[in-house]
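Each remark here refers to the structure printed beneath this line.
2 protein chains.
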Amino acid sequence: MKRENEEKTVSPAVVARLSRYYRFLRDLKERGVERVSSAELARLMDLTASQIRQDFNCFGGFGQQGYGYNVEHLFGELRKLLGAEEGYSAVIIGAGNLGSALAHAQTFVRRGVAVSAVFDVSRRVVGSAMGSLTVRHMDTLADYYREHPFQIAVLCVPKDAAQFCADTVAELGVPAIWNFTGIEVRVPPRCIVENVHLGDSLLTLSYKLRQRESR
Amino acid sequence: MKRENEEKTVSPAVVARLSRYYRFLRDLKERGVERVSSAELARLMDLTASQIRQDFNCFGGFGQQGYGYNVEHLFGELRKLLGAEEGYSAVIIGAGNLGSALAHAQTFVRRGVAVSAVFDVSRRVVGSAMGSLTVRHMDTLADYYREHPFQIAVLCVPKDAAQFCADTVAELGVPAIWNFTGIEVRVPPRCIVENVHLGDSLLTLSYKLRQRESR
Chain A
1 MKRENEEKTV SPAVVARLSR YYRFLRDLKE RGVERVSSAE LARLMDLTAS
51 QIRQDFNCFG GFGQQGYGYN VEHLFGELRK LLGAEEGYSA VIIGAGNLGS
101 ALAHAQTFVR RGVAVSAVFD VSRRVVGSAM GSLTVRHMDT LADYYREHPF
151 QIAVLCVPKD AAQFCADTVA ELGVPAIWNF TGIEVRVPPR CIVENVHLGD
201 SLLTLSYKLR QRESR
Chain B
1 MKRENEEKTV SPAVVARLSR YYRFLRDLKE RGVERVSSAE LARLMDLTAS
51 QIRQDFNCFG GFGQQGYGYN VEHLFGELRK LLGAEEGYSA VIIGAGNLGS
101 ALAHAQTFVR RGVAVSAVFD VSRRVVGSAM GSLTVRHMDT LADYYREHPF
151 QIAVLCVPKD AAQFCADTVA ELGVPAIWNF TGIEVRVPPR CIVENVHLGD
201 SLLTLSYKLR QRESR
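Those sequence lines, one after another, are chains A and B.
If you count by our numbering, then the first sequence holds residues 1 to 215, one letter each, in order.
If you count by our numbering, then the second sequence holds residues 1 to 215, one letter each, in order.
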């Protein structure tokens, strides 16, 4: 019931689990399921029902346990909590293969984030179409930001351009970076950085393979 | 010094940190740095020196603390430990934007994994070139696997094909799946799955943005 300070002490692990709940709840909603018990959800997600109740209690409960959770309501609460209703907008910096893949992906729109522009420095791609957007030159980023402030800069540039781009973006006052460069960029504390280190994930897989083989 | 059973009880968090050490050590090595102390490494990586020593002690130490770590030796040990010297091979299933981005990325080769083939079902892309590879039809996957057994299937297919592809791959006996589909595929325990849920990462970022704004 303490809605004011409920969100202050949430661990990264719980936030990661909330994003996962979001996915499963969305699937249930799309399949027309109206109610789900913590036991059913636990079975679907390979968690325990008590783990689920504990997670949701961090945020005020989200429903009547005896009757199960109302899927639509719970999904709506998660949307709110996770910022998917804020209407955040993002720009993609770096129109190479990965930037292009992200520009075409449903990842953003399914989480309430609109991709409003794509930037690059290469004359080869500037001016070309990427989905419904036209690739703009990096030199125009500052002007663009002043006219269309965005919240998230998605960094898809080569490693050697990573820190320079992060500096540029942080200096403009962009509040958050979603970083795919594989470089841990340094930015002022006012700028939030979320890293996607694909290589780390691949190494985790090869570590597990090797462990399995050496048994 | 107990090299035999040293790797049995390593937590996922430590494995994730080892992949991160791998990145930093590789950078140091490429910059020609020969020795690094745990204090220097700690500063670079925003960890504590004692955390680093503790992590490395899980694996037998990796060096003389008083003299710092030999970068090349430490990197070599991490390569071995993380399976990057095993010469694993991977195929990419799904030649859309993301599959194509991965086929062109340095992510694999920098971790000792060779991408040997790309598969798709669409007549539009089968037969076309993707980097140095030619896209093959999924119908030929089983034959390919028998002739060129690979260890990692990289799933880049649409959500509604995710479980079917996972089933196909698991049935062939492929030991590991690197899963980009956003669907948590179900496979037998003998098959290792490592998920990359980009959407979860984006939601974590929007959650942090919202928290920041509501302060």
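Every residue, glycine too, gets a C-beta built ideally from N, C-alpha and C.
Residues of chain A whose Cβ lies closer than 9 Å to the Cβ of B/His104 are, in chain order, Gly96, Asn97 and Leu98. Within the segment 107–121 of chain A, the residues whose Cβ lies closer than 9 Å to some Cβ of chain B are Thr107, Phe108, Arg110, Arg111, Gly112 and Val113, listed in chain order. Note: A/Tyr69 is bridge-paired with A/Val36 in the DSSP secondary-structure output.
Of all residues in the segment 75–94 of chain B, those with a C-beta nearer than 8 Å to a C-beta of chain A are Leu81, Leu82, Gly83, Ala84, Glu86 and Tyr88, reading in chain order. Less than 7 Å separates the beta-carbon of B/Val126 from that of B/Val135. Interface criterion met: the Cβ of B/Ser206 is under 7 Å from a Cβ in chain A. Across the structure, A/Val109 and A/Tyr88 are spaced so that their CA atoms are roughly 10 Å apart.
Residue pairing from DSSP places A/Leu155 in a beta bridge opposite A/Ile93 and A/Asn179.
For the 7 Å CB-CB criterion, B/Phe180 and B/Leu98 form a contact. Flagged as an interface residue toward chain B: A/Ala176, by a C-beta distance shorter than 7 Å. A/Ala84 and B/Leu203 do touch by the CB rule: their CB atoms are close to 7 Å apart, below 8 Å. For B/Thr140, DSSP records no beta bridge to any residue.
Going by beta carbons, B/Val118 and B/Ala95 fall inside the 7 Å limit.
Cβ neighbours of B/Glu72 within its own chain (closer than 8 Å, five residues either side excluded): Lys29 and Glu34.
For B/Glu194, the uninterrupted beta strand (DSSP E) segment begins and ends at Ile192 to Asn195. Collapsing the DSSP output to three states places B/Ser128 in coil. DSSP, reduced to helix, strand and coil, places A/Thr204 within a helical segment of the structure shown. For the segment 147–160 of chain A, the set of residues with a beta-carbon nearer than 8 Å to any beta-carbon of chain B comprises Gln151 and Ile152, in chain order.
Under the three-state reduction of DSSP, A/Ala84 is assigned to coil, being neither helix nor strand. The three-state reading of DSSP puts B/Ala114 in strand, counting E and B together. About 7 Å separates the Cβ atoms of A/Leu102 and A/Cys156, confirming a contact at the 8 Å cut-off.
For B/Ser122, no alpha helix (DSSP H) run applies, since DSSP gives it neither H nor E.
Closer than 7 Å at the C-beta level to chain B, one finds no residue of the segment 25–49 of chain A. Only buried fits B/Lys208, as 16 or more other CB atoms lie within 10 angstroms of its CB. Beta-carbon to beta-carbon, A/Ala166 and A/Ile177 are separated by about 6 Å, close enough to satisfy the 8 Å threshold. Residues of the segment 189–203 of chain A whose Cβ lies closer than 9 Å to any Cβ of chain B, in chain order: Arg190, Ile192, Val193, Glu194, Asn195, Val196, His197, Leu198, Gly199, Asp200, Ser201, Leu202 and Leu203.
DSSP places A/Glu30 in the uninterrupted alpha helix (DSSP H) bounded by Pro12 to Glu30.
Neighbourhood of B/Val15 in chain A, by CB distance below 7 Å: Thr204 and Tyr207, in chain order. Beta-bridge annotation (DSSP): A/Leu102 is not paired with any residue. Non-local C-beta neighbours of B/Leu44 in its own chain, meaning closer than 7 Å and more than five positions away in sequence, comprise Phe24, ordered along the chain.
Contact with chain A is found for B/Ser19, since one of that chain's Cβ atoms lies less than 7 Å from the residue's Cβ.
For the C-beta of B/Tyr22, the chain A residues within less than 9 Å are, from N- to C-terminus, Gly199, Asp200 and Leu203. Residue pairing of A/Leu133 in beta bridges, as defined by DSSP: A/Met130.
Counting along the chain, the unbroken alpha helix (DSSP H) around B/Phe56 starts and ends at Ala49 to Asn57. Shown here for A/Tyr67: same chain residues with a beta carbon closer than 8 Å to its own, the five before and five after excluded, namely Arg35 in chain order.
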